[in-house]
Amino acid sequence: MINEQLLHPKSIVVIGGSNNVHKPGGAVVRNIQNGGYQGTLRIVNPKEDEVQGIKAFHDVKELPPTELAILVVAAKFCPDYVEYLAAEKEVRAFIIISAGFGEETKAGAALEQRILDSCERHGAALIGPNCIGLMNSWHHSVFTKPIPTLNPRGADFISGSGATAVFILESAVTKGLPFNSVWSIGNGKQIGIEDVLQYMDENFDAERDSRVKLLYIENVGNPDKLLFHASSLIRKGCRIAAIKAGSSESGSRAASSHTGAIASSDSAVEALFRKAGIVRCFSREELTTVGCIFTLPPIKGKNFAIVTHAGGPGVMLTDALSKGGMNIPKIEGPEADELKAQLFPGSSVANPIDILATGTPEHLGIAIDYCENRFENIDAIFVIFGTPGLVQLYEAYDVLHKKILECKKPIFPILPSIYTAGPEVAEFLQKGHVNFSDEVTLATALTQIMQTPPPAAPEIELFGVDVPRIRTIIDGIKTNGYVAPDIVRQLFACAGIPMVPEMVSAKKEALIDFAQKVGYPVVAKVVGPVHKSDVGGVALNIRTPEHLALEFDRMMKIKDATAIMVQKMIKGTEVFIGAKYEQRFGHVVLCGLGGIFVEVLKDVKSGLAPLSYPEAYSMIHSLRGYKIIKGTRGQRGINEQKYAEIIVRLSTLLRFATEIKEMDINPLLADEKDVVAVDARILIEK
2 MINEQLLHPK
12 SIVVIGGSNN
22 VHKPGGAVVR
32 NIQNGGYQGT
42 LRIVNPKEDE
52 VQGIKAFHDV
62 KELPPTELAI
72 LVVAAKFCPD
82 YVEYLAAEKE
92 VRAFIIISAG
102 FGEETKAGAA
112 LEQRILDSCE
122 RHGAALIGPN
132 CIGLMNSWHH
142 SVFTKPIPTL
152 NPRGADFISG
162 SGATAVFILE
172 SAVTKGLPFN
182 SVWSIGNGKQ
192 IGIEDVLQYM
202 DENFDAERDS
212 RVKLLYIENV
222 GNPDKLLFHA
232 SSLIRKGCRI
242 AAIKAGSSES
252 GSRAASSHTG
262 AIASSDSAVE
272 ALFRKAGIVR
282 CFSREELTTV
292 GCIFTLPPIK
302 GKNFAIVTHA
312 GGPGVMLTDA
322 LSKGGMNIPK
332 IEGPEADELK
342 AQLFPGSSVA
352 NPIDILATGT
362 PEHLGIAIDY
372 CENRFENIDA
382 IFVIFGTPGL
392 VQLYEAYDVL
402 HKKILECKKP
412 IFPILPSIYT
422 AGPEVAEFLQ
432 KGHVNFSDEV
442 TLATALTQIM
452 QTPPPAAPEI
462 ELFGVDVPRI
472 RTIIDGIKTN
482 GYVAPDIVRQ
492 LFACAGIPMV
502 PEMVSAKKEA
512 LIDFAQKVGY
522 PVVAKVVGPV
532 HKSDVGGVAL
542 NIRTPEHLAL
552 EFDRMMKIKD
562 ATAIMVQKMI
572 KGTEVFIGAK
582 YEQRFGHVVL
592 CGLGGIFVEV
602 LKDVKSGLAP
612 LSYPEAYSMI
622 HSLRGYKIIK
632 GTRGQRGINE
642 QKYAEIIVRL
652 STLLRFATEI
662 KEMDINPLLA
672 DEKDVVAVDA
682 RILIEK
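Using our numbering, the letters of the sequence shown correspond one by one to residues 2 to 687.
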């Protein structure tokens with residue numbers, strides 16, 4: 002629970018506050034005082050009479066009633082302090098800086114639980130333990146630096162790690178990114194990242210609140226809550242970016258040991274973020290760069306102009322933007338000739354617009370004006386301007402400042418000379434601007450933003466899916482494991498997923514008769530072994546009854562073989578759809594190019610069931626191999642509409658069959674007309 006005593010306490014007590022500002026107890030007192038806290042600040046320290054100019058209490062029993070308590074004492078003392086302060090001193094909010102709880106030992110977890118029980122019993126809010134604190138415009142209850150510029154239009158930053166929060170703040174401050182609040186939730190025993198988002202969502206004021214939310218997440222405790230409130234905030238006009246650390250197996254283990262919580266599957270998190278509309282980042286620099294982009298006016302298209310006085314960075318930025326699917330259109334014609342005539346000889350206006358190292362602040366302003374007013378096919382302007390040692394950067398940055406205020410098109414300032422032009426850049430930032438010192442990092446961050454879909458609609462696509470029949474089939478399955486091919490076919494029929502004509506039998510003659518009816522060529526596959534190709538259990542392009550009979554005899558000798566499946570052989574591009582049930586998240590649906598290379602190429606995109614049609618299309622279009630799906634080099638593309646339809650129908654089936662723990666349809670054969678499932682397996686666990 003988040004309450005007024007936590008956010009705007011009239012009184013604060015620091016248990017363990019000291020005069021040593023190089024230790025947490027002293028540093029938090031210093032930061033609260035330097036932050037201009039207007040309420041009453043109290044200190045409890047049994048060894049000091051005065052702490053940083055404030056009379057100290059030697060015992061908590063001497064305290065008058067207080068609203069917020071910050072604990073900076075050994076973990077073993079915290080439960081008793083919390084219980085006493087809540088019961089006897091009316092404390093209704095706690096920030097516990099101390100470590101040594103559930104992130105370390107079972108005994109520490111027991112201490113943590115006692116603290117939570119006391120808070121719940123007395124209706125108190127709890128931040129931590131194992132955190133750096135909470136900072137907003139009312140009070141700076143953190144023991145760390147830096148203390149960023151705070152204003153209501155700055156970013157709200159919520160972090161599951163205190164040290165990482167500090168490093169992210171360091172990255173942000175150098176870019177000029179302002180903050181509205183900083184939440185370090187630590188172990189998140191009561192208040193996790195999802196709870197902070199819930200509070201911000203339920204109390205959102207469009208006139209007063211920040212519209213930028215940055216998250217550092219190590220473990221997703223409540224996926225449904227995160228999805229609901231992040232989506233809601235984004236629909237209200239907010240923009241959210243997040244790092245989810247622990248994507249590798251080793252990183253997942255490290256994240257879990259850090260917070261004492263179970264790490265989340267990376268594919269599940271990826272799917273959750275896509276469904277919510279959260280921009281996923283992979284580094285501190287990328288997160289703070291995305292945050293800075295969020296502070297600028299939204300981009301309305303993908304056509305960009307680059308104004309630079311250094312050719313190399315302009316080329317690197319062009320490459321990075323193009324790689325991300327954005328356009329640097331060639332600028333030509335009478336307007337381009339006019340601009341070139343106003344610049345020094347040797348300047349280029351084709352885009353990038355290179356005004357040369359000798360270009361003046363006036364030239365910079367002229368180039369920006371042309372991009373804003375004369376070049377209609379430009380949606381945003383990137384300005385690279387460092388120190389060539391030939392111009393007064395104060396003047397150049399003043400021109401840039403004025404143009405940012407005047408222009409309707411977003412301007413991205415890339416000022417790389419933060420060492421040789423530190424004072425000039427600092428003055429530019431003090432005027433309320435942000436700076437992107439590296440052009441490629443900016444392009445990467447912008448690509449992530451542009452490729453993140455909006456929040457998905459919450460409705461479930463039920464048309465054409467027979468949910469009651471699906472439940473009847475699932476309920477009729479009595480044993481766990483991979484289901485028989487006929488059950489797969491029944492379930493797919495209920496969902497409207499087309500399958501290639503097939504027959505499964507242990508009788509050779511029946512299969513030969515079937516092949517005659519559907520027509521040769523056919524495919525034969527062993528039934529029983531999970532990985533058919535690995536054991537020689539697949540035979541393609543069978544054109545005669547004699548050939549089929551030989552393959553039948555051979556495959557029935559394969560270990561664990563129970564029958565043979567014969568299918569009509571069809572041609573097309575191989576694509577893939579899979580799904581896996583993730584605890585707490587539900588089904589993660591995957592799509593990509595199929596066949597034997599799906600595990601090698603790993604070109605798959607994930608979505609969280611149930612999926613909408615826009616989500617399915619977004620997944621397909623995000624694949625690195627999308628050009629193959631679309632059609633390339635004379636090859637016709639596949640029917641994207643039917644591919645997306647199967648993804649959506651499958652996700653609906655899964656939504657009503659949580660007993661399905663794994664599913665693979667690999668491959669589906671697709672051409673410009675049809676998409677047909679060829680091979681599938683379904684794992685049931687009840």
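Just so it is clear, CB atoms sit at the ideal spot from N, CA and C, and this is done for glycine as well.
Checklist entry - Is DSSP giving GLU333 helix, strand or coil here? => result Coil.
Item to check | Of the listed residues SER182, LYS190, ILE148 and ILE186, nearest to GLU171 (C-alpha basis) | outcome: Considering only alpha carbons, the answer is ILE148.
Next on the checklist: Does PRO224 pass the burial test, meaning 16 or more other C-beta atoms within 10 Å, or should it be called exposed?
Outcome noted: Buried: at least 16 other Cβ atoms inside 10 Å.
Checklist entry - So VAL45 is in the beta strand (DSSP E); what residue range does that whole segment cover? => result Annotation: the continuous beta strand (DSSP E) that includes VAL45 extends over 41–45.
Item to check | Best match in ALA111, GLY529 and ARG240 for proximity to ASP81 [C-alpha to C-alpha] | outcome: Checked all of ALA111, GLY529 and ARG240; the closest Cα to ASP81 is ALA111.
Next on the checklist: On the criterion of 16 or more Cβ atoms from any shown chain inside 10 Å, does PHE95 qualify as buried, or is it exposed?
Outcome noted: Result: buried.
Item to check | Cβ-based burial, GLU271 [other Cβ within 10 Å; buried from 16] | outcome: So GLU271 ends up on the buried side.
Checklist entry - DSSP state of GLU503, grouped into three classes? => result DSSP places GLU503 in strand when its eight states are reduced to three.
Checklist entry - Would ASP680 be called buried (16 or more neighbouring beta carbons within 10 Å of its own) or exposed? => result With 16 or more Cβ atoms within 10 Å of its Cβ, ASP680 is classed as buried.
Item to check | GLY608 - DSSP class collapsed to helix/strand/coil | outcome: The three-state secondary structure of GLY608, taken from DSSP, is strand.
Next on the checklist: Just verifying my parser: in three-state terms, what is the DSSP assignment at LYS518?
Outcome noted: Helix, per DSSP.
Checklist entry - Between the beta-carbon of VAL589 and the beta-carbon of SER268, is there less than 8 Å? => result Cβ distance < 8 Å, so VAL589 and SER268 count as in contact.
Next on the checklist: In whole angstroms, give me the CA-to-CA distance for ILE647 and VAL466.
Outcome noted: Taking the straight line joining both Cα atoms gives about 11 Å.
Item to check | Contiguous alpha helix (DSSP H) assignments of at least 4 residues, all confined to the region 271–331 | outcome: The region 271–331 contains these whole alpha helix (DSSP H) runs: 285–295 and 312–324.
Item to check | Contact set for LYS723: own chain, Cβ-Cβ below 6 Å, skip 5 residues either direction | outcome: Summary: the structure shown does not reach residue 723, with the chain confined to residues 2 through 687, and so no result is reported for it.
Next on the checklist: One question on the structure: do LEU64 and ARG93 come within less than 8 Å of each other, judged by their Cβ atoms?
Outcome noted: No. Outside cutoff.
Next on the checklist: My output table needs one value for GLU51: the three-state DSSP class, helix, strand or coil.
Outcome noted: DSSP places GLU51 in strand when its eight states are reduced to three.
Checklist entry - What residues are listed by DSSP as bridge partners for THR633? => result Bridge partners of THR633: none, in fact.
Next on the checklist: Whether or not the region 579–595 and the region 559–568 are in contact is what I'm after, with contact meaning three or more pairs of Cβ atoms, one per stretch, closer than 8 Å; do they touch?
Outcome noted: Taking one beta carbon from each stretch, the region 559–568 and the region 579–595 have fewer than 3 pairs nearer than 8 Å; the two do not touch.
Next on the checklist: With a threshold of 8 Å on Cβ separation, who are the neighbours of CYS372 within its own chain once the five nearest residues in sequence on each side are excluded?
Outcome noted: Excluding positions up to five away in sequence, the list reads ALA306, VAL308, ILE354, ILE379, ILE382 and LYS410.
Checklist entry - What did DSSP end up calling LEU198 once you bin it into helix, strand or coil? => result In this structure, LEU198 counts as helix in the three-state DSSP scheme.
Checklist entry - Taking Cβ positions, are GLY177 and LEU430 nearer each other than 8 Å? => result By the CB criterion at 8 Å, GLY177 and LEU430 fall inside the cutoff.
Checklist entry - In whole angstroms, what is the alpha-carbon distance linking GLN491 and ASP665? => result For GLN491 and ASP665, the distance between alpha carbons rounds to 15 Å.
Checklist entry - Are the beta-carbon atoms of ALA513 and LEU541 separated by less than 8 Å? => result With the sequence shown as reference, residue 513 is identified as Ile, and Ala is not the correct amino acid for it. No, the Cβ-Cβ distance between ILE513 and LEU541 is not below 8 Å.
Next on the checklist: Can you look up SER257 in the DSSP assignment and give me helix, strand or coil?
Outcome noted: Here SER257 scores only 45 on pLDDT, less than 50, and its place in the model should not be relied on; the value that follows carries that caveat. Helix.
Item to check | Delimiting residues of the alpha helix (DSSP H) encompassing ARG490 | outcome: Per DSSP, the continuous alpha helix (DSSP H) segment holding ARG490 begins and ends at 486–496.
Item to check | Nearest-angstrom Cβ-Cβ length linking THR453 and ALA321, presumed shorter than 8 Å | outcome: Contact flag wrong, Cβ pair sits at about 17 Å.
Checklist entry - Under the three-state reduction of DSSP, which class applies to PHE584: helix, strand or coil? => result The sequence shown places Gln at residue 584, not Phe. In the three-state reduction of the DSSP assignment, GLN584 falls in the coil class.
Checklist entry - From what residue to what residue does the beta strand (DSSP E) around ALA28 run? => result No beta strand (DSSP E) contains ALA28, which is instead part of the alpha helix (DSSP H) from 25–35.
Checklist entry - Excluding sequence positions up to five away, which residues of its chain have a Cβ less than 6 Å from the Cβ of ARG254? => result Caution applies to ARG254, whose pLDDT of 47 falls short of 50 and renders its modelled position unreliable; the value that the coordinates give is listed next. Around ARG254: no qualifying Cβ.
Item to check | Neighbourhood of GLU673 by C-beta distance below 7 Å, restricted to the same chain and skipping five residues each side | outcome: Result list for GLU673: ARG637, GLY638, ILE639 and ASN640, in chain order.
Item to check | Straight-line gap, LEU86 to ILE71 (C-alpha atoms, nearest Å) | outcome: Rounded to the nearest angstrom, the two C-alpha atoms are 11 Å apart.
Checklist entry - Can we say the region 274–283 touches the region 326–336, given the rule of at least three CB pairs closer than 8 Å? => result No: the two stretches stay apart, fewer than three of their Cβ pairs being nearer than 8 Å.
Checklist entry - How many Å lie between VAL489 and ILE683 at the Cα? => result Distance from the CA of VAL489 to the CA of ILE683, rounded to the nearest whole angstrom, comes to 7 Å.
Next on the checklist: One question on the structure: do TYR217 and GLY161 come within less than 8 Å of each other, judged by their Cβ atoms?
Outcome noted: Their beta carbons are under 8 Å apart, which means TYR217 touches GLY161 by this criterion.
Checklist entry - CA-CA distance, ILE385 and GLU91? => result Going from the Cα of ILE385 to the Cα of GLU91 covers about 56 Å.
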